[in-house]
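Some notes on the structure that comes next.
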Amino acid sequence: MRVWKLTGKLLKHRPWTIISQLIFLTGLVTLKPTTDYIVSQIFDKLEGVSQLQLGLWSLVIILPVLFFIRFLCNIFELLFWELYWQSQTILLRMNMMKGILKKPGAKAIPNSPGEAISRFRGDVFEVILFSKVLAYRIPFLIYLGISLTYMSQISWKLTLIVFLPISLSLVVAGKKNSACLRLGDYRPAV
-16 MRVWKLTGKL
-6 LKHRPWTIIS
4 QLIFLTGLVT
14 LKPTTDYIVS
24 QIFDKLEGVS
34 QLQLGLWSLV
44 IILPVLFFIR
54 FLCNIFELLF
64 WELYWQSQTI
74 LLRMNMMKGI
84 LKKPGAKAIP
94 NSPGEAISRF
104 RGDVFEVILF
114 SKVLAYRIPF
124 LIYLGISLTY
134 MSQISWKLTL
144 IVFLPISLSL
154 VVAGKKNSAC
164 LRLGDYRPAV
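Oh and the sequence shown: position 114 is 97 in the working numbering, straight run, nothing missing.
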(Lines of atoms letter the chains of each structure in order from A and count residues from 1; the text may use other names and numbers.)
(Lines give C-alpha, C1' and ligand atoms only; values in the text may rest on other atoms or scores of the structure.)
Protein backbone atom coordinates (compact mmCIF):
# COMPACT_ATOMS: atom_id res chain seq x y z
CA MET A 1 0.00 0.00 0.00
CA ARG A 2 1.24 3.50 -0.81
CA VAL A 3 2.28 5.76 2.07
CA TRP A 4 -0.12 8.57 1.08
CA LYS A 5 -3.08 6.20 0.96
CA LEU A 6 -2.10 4.59 4.26
CA THR A 7 -1.65 8.01 5.86
CA GLY A 8 -5.12 9.06 4.71
CA LYS A 9 -6.62 5.91 6.19
CA LEU A 10 -4.74 6.44 9.46
CA LEU A 11 -6.02 10.00 9.74
CA LYS A 12 -9.58 8.77 9.12
CA HIS A 13 -9.35 5.87 11.61
CA ARG A 14 -9.73 7.89 14.81
CA PRO A 15 -10.22 11.43 13.61
CA TRP A 16 -11.12 12.82 17.04
CA THR A 17 -7.58 12.19 18.32
CA ILE A 18 -5.90 14.09 15.50
CA ILE A 19 -8.57 16.84 15.55
CA SER A 20 -8.08 17.27 19.31
CA GLN A 21 -4.33 17.46 18.76
CA LEU A 22 -4.81 20.09 16.09
CA ILE A 23 -7.10 22.17 18.30
CA PHE A 24 -4.66 22.17 21.21
CA LEU A 25 -1.63 22.69 18.98
CA THR A 26 -3.38 25.59 17.26
CA GLY A 27 -4.06 27.06 20.70
CA LEU A 28 -0.44 26.51 21.68
CA VAL A 29 0.90 28.06 18.49
CA THR A 30 -1.49 31.03 18.37
CA LEU A 31 -1.09 31.92 22.04
CA LYS A 32 2.63 32.58 21.54
CA PRO A 33 2.17 35.68 19.34
CA THR A 34 -0.78 36.71 21.53
CA THR A 35 1.49 36.66 24.57
CA ASP A 36 4.09 38.67 22.67
CA TYR A 37 1.43 41.19 21.69
CA ILE A 38 0.26 41.58 25.30
CA VAL A 39 3.86 42.15 26.44
CA SER A 40 4.34 44.80 23.76
CA GLN A 41 1.07 46.46 24.83
CA ILE A 42 2.27 46.53 28.45
CA PHE A 43 5.36 48.45 27.36
CA ASP A 44 3.23 50.68 25.13
CA LYS A 45 0.90 51.34 28.08
CA LEU A 46 3.90 52.34 30.20
CA GLU A 47 4.96 54.77 27.45
CA GLY A 48 1.38 56.03 27.08
CA VAL A 49 0.93 55.01 23.41
CA SER A 50 -1.10 51.80 23.82
CA GLN A 51 -4.00 51.22 21.44
CA LEU A 52 -5.88 48.88 23.79
CA GLN A 53 -8.58 50.19 26.11
CA LEU A 54 -7.53 47.80 28.90
CA GLY A 55 -5.67 49.13 31.90
CA LEU A 56 -2.08 48.24 32.76
CA TRP A 57 -3.07 45.86 35.56
CA SER A 58 -5.57 44.09 33.32
CA LEU A 59 -2.79 43.39 30.84
CA VAL A 60 -0.49 42.22 33.64
CA ILE A 61 -3.20 39.83 34.91
CA ILE A 62 -3.87 38.49 31.39
CA LEU A 63 -0.23 37.44 30.97
CA PRO A 64 -0.09 34.58 33.55
CA VAL A 65 -3.54 33.42 32.41
CA LEU A 66 -2.19 33.10 28.85
CA PHE A 67 0.86 31.19 30.11
CA PHE A 68 -1.41 28.81 32.04
CA ILE A 69 -3.63 28.25 28.99
CA ARG A 70 -0.53 27.56 26.87
CA PHE A 71 0.63 25.06 29.50
CA LEU A 72 -2.75 23.29 29.40
CA CYS A 73 -2.73 23.24 25.59
CA ASN A 74 0.74 21.69 25.66
CA ILE A 75 -0.30 19.00 28.16
CA PHE A 76 -3.48 18.06 26.28
CA GLU A 77 -1.73 18.11 22.90
CA LEU A 78 0.87 15.67 24.24
CA LEU A 79 -1.86 13.53 25.80
CA PHE A 80 -3.81 13.26 22.54
CA TRP A 81 -0.58 12.67 20.60
CA GLU A 82 0.25 9.72 22.85
CA LEU A 83 -3.28 8.36 22.45
CA TYR A 84 -3.06 8.74 18.66
CA TRP A 85 0.44 7.25 18.57
CA GLN A 86 -0.41 4.16 20.63
CA SER A 87 -3.74 3.42 18.91
CA GLN A 88 -2.28 3.77 15.40
CA THR A 89 0.80 1.71 16.30
CA ILE A 90 -1.39 -1.10 17.62
CA LEU A 91 -3.63 -0.92 14.55
CA LEU A 92 -0.73 -1.08 12.07
CA ARG A 93 1.05 -3.91 13.88
CA MET A 94 -2.16 -5.93 14.19
CA ASN A 95 -2.85 -5.51 10.47
CA MET A 96 0.72 -6.50 9.61
CA MET A 97 0.45 -9.59 11.81
CA LYS A 98 -2.88 -10.56 10.21
CA GLY A 99 -1.25 -10.22 6.79
CA ILE A 100 1.62 -12.47 7.86
CA LEU A 101 -0.69 -15.11 9.35
CA LYS A 102 -2.86 -15.25 6.20
CA LYS A 103 0.06 -16.29 3.99
CA PRO A 104 1.46 -19.81 4.00
CA GLY A 105 4.66 -20.57 5.89
CA ALA A 106 7.91 -18.91 4.91
CA LYS A 107 6.40 -16.68 2.21
CA ALA A 108 4.96 -14.35 4.82
CA ILE A 109 8.14 -13.80 6.81
CA PRO A 110 10.76 -11.36 5.46
CA ASN A 111 14.17 -12.67 4.42
CA SER A 112 15.98 -11.72 7.61
CA PRO A 113 15.06 -11.13 11.26
CA GLY A 114 16.43 -7.57 10.99
CA GLU A 115 14.01 -6.80 8.18
CA ALA A 116 11.09 -8.11 10.24
CA ILE A 117 12.12 -5.92 13.19
CA SER A 118 12.49 -2.95 10.86
CA ARG A 119 9.00 -3.48 9.46
CA PHE A 120 7.34 -3.83 12.85
CA ARG A 121 9.26 -1.04 14.55
CA GLY A 122 10.81 1.38 12.07
CA ASP A 123 8.22 1.37 9.30
CA VAL A 124 5.33 1.78 11.73
CA PHE A 125 7.14 4.67 13.43
CA GLU A 126 7.87 6.43 10.14
CA VAL A 127 4.34 6.10 8.75
CA ILE A 128 2.72 7.44 11.93
CA LEU A 129 5.25 10.26 12.16
CA PHE A 130 4.54 11.15 8.52
CA SER A 131 0.81 11.39 9.25
CA LYS A 132 1.55 13.66 12.22
CA VAL A 133 3.80 15.92 10.14
CA LEU A 134 1.11 16.24 7.47
CA ALA A 135 -1.59 17.08 9.98
CA TYR A 136 0.58 19.58 11.87
CA ARG A 137 1.01 21.81 8.82
CA ILE A 138 -2.36 23.47 9.51
CA PRO A 139 -1.51 25.10 12.90
CA PHE A 140 1.85 26.29 11.65
CA LEU A 141 0.23 27.91 8.60
CA ILE A 142 -2.12 29.70 11.03
CA TYR A 143 0.92 30.81 13.04
CA LEU A 144 2.58 32.06 9.85
CA GLY A 145 -0.51 34.09 8.97
CA ILE A 146 -0.72 35.65 12.44
CA SER A 147 3.00 36.44 12.48
CA LEU A 148 2.95 38.02 9.01
CA THR A 149 -0.11 40.09 9.93
CA TYR A 150 1.54 41.29 13.13
CA MET A 151 4.82 42.06 11.35
CA SER A 152 3.08 43.91 8.53
CA GLN A 153 1.22 46.09 11.05
CA ILE A 154 4.58 47.16 12.43
CA SER A 155 6.24 47.72 9.04
CA TRP A 156 5.07 46.16 5.78
CA LYS A 157 8.34 47.10 4.05
CA LEU A 158 10.42 45.30 6.66
CA THR A 159 8.07 42.31 6.45
CA LEU A 160 8.68 42.08 2.69
CA ILE A 161 12.44 42.47 3.19
CA VAL A 162 12.40 39.54 5.62
CA PHE A 163 9.76 37.34 3.99
CA LEU A 164 10.69 37.53 0.29
CA PRO A 165 14.30 36.26 0.57
CA ILE A 166 13.17 33.36 2.76
CA SER A 167 10.38 32.47 0.31
CA LEU A 168 12.74 32.76 -2.65
CA SER A 169 15.35 30.53 -1.00
CA LEU A 170 12.67 27.90 -0.22
CA VAL A 171 11.50 27.91 -3.85
CA VAL A 172 15.08 27.61 -5.16
CA ALA A 173 15.86 24.81 -2.69
CA GLY A 174 12.69 22.97 -3.74
CA LYS A 175 13.63 23.26 -7.42
CA LYS A 176 17.18 22.05 -6.76
CA ASN A 177 15.90 19.13 -4.70
CA SER A 178 13.53 18.01 -7.46
CA ALA A 179 16.37 18.36 -10.00
CA CYS A 180 18.61 16.19 -7.80
CA LEU A 181 15.88 13.57 -7.49
CA ARG A 182 15.44 13.48 -11.28
CA LEU A 183 19.21 13.15 -11.69
CA GLY A 184 19.15 10.18 -9.31
CA ASP A 185 16.56 8.48 -11.54
CA TYR A 186 18.92 8.71 -14.54
CA ARG A 187 21.92 7.22 -12.74
CA PRO A 188 22.42 3.51 -13.27
CA ALA A 189 21.87 1.30 -10.24
CA VAL A 190 25.07 0.04 -8.66
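Where is the CB? At the ideal position from N, CA and C, for every residue including glycine.
Given the structure is predicted, the values throughout are model-derived calculations rather than measurements.
**OP:** Could you tell me which of Thr13, Met79, Met80 and Glu65 sits nearest to Leu49, measuring between CA atoms?
**Re:** Thr13
Subject >> Top-ranked residue by Cα proximity to Phe108, from Glu65, Phe59 and Ser41 >> reply: Glu65
Subject >> Per-residue DSSP class, three states only, for Tyr254 >> reply: Since the first and last residues shown for the chain are -16 and 173, residue 254 lies out of range.
**OP:** May I have the straight-line CA-CA distance separating Leu(-11) from Met79, to the nearest angstrom?
**Re:** For Leu(-11) and Met79, the distance between alpha carbons rounds to 13 Å.
Original post:
For the candidate residues Gly82, Gly10, Val43 and Thr142, whose alpha-carbon lies nearest to that of Ile125?
Top reply: Gly10
**OP:** Assign Ile121 to buried or exposed, taking buried as 16 or more other Cβ atoms, counted over all protein chains shown, within 10 Å of its Cβ.
**Re:** exposed
Original post:
How close, in whole Å, do the beta carbons of Pro47 and Ile129 come, if the pair is a contact with beta carbons under 8 Å?
Top reply: About 21 Å; that fails the 8 Å criterion.
**OP:** With DSSP collapsed to three states, give me the class of Arg(-3).
**Re:** Annotated three-state conformation of Arg(-3) is coil, per DSSP.
**OP:** Mind reading off the beta-carbon distance from Glu60 to Leu112? Whole number of angstroms is fine, and I expect it under 8 Å.
**Re:** Actually they do not touch by this definition, with Cβ atoms about 16 Å apart.
**OP:** Please name the residue, chosen from Thr132, Val116, Gln71 and Val155, that lies closest to Lys(-5) on a Cα-to-Cα basis.
**Re:** Checking every option, the nearest Cα to that of Lys(-5) belongs to Gln71.
Original post:
Taking the continuous alpha helix (DSSP H) assigned at Val32, which residues delimit it?
Top reply: Neither: Val32 is in no alpha helix (DSSP H) and is coded neither H nor E.
Original post:
Taking the alpha-carbon positions, what's the Leu62 to Val116 distance?
Top reply: 17 Å
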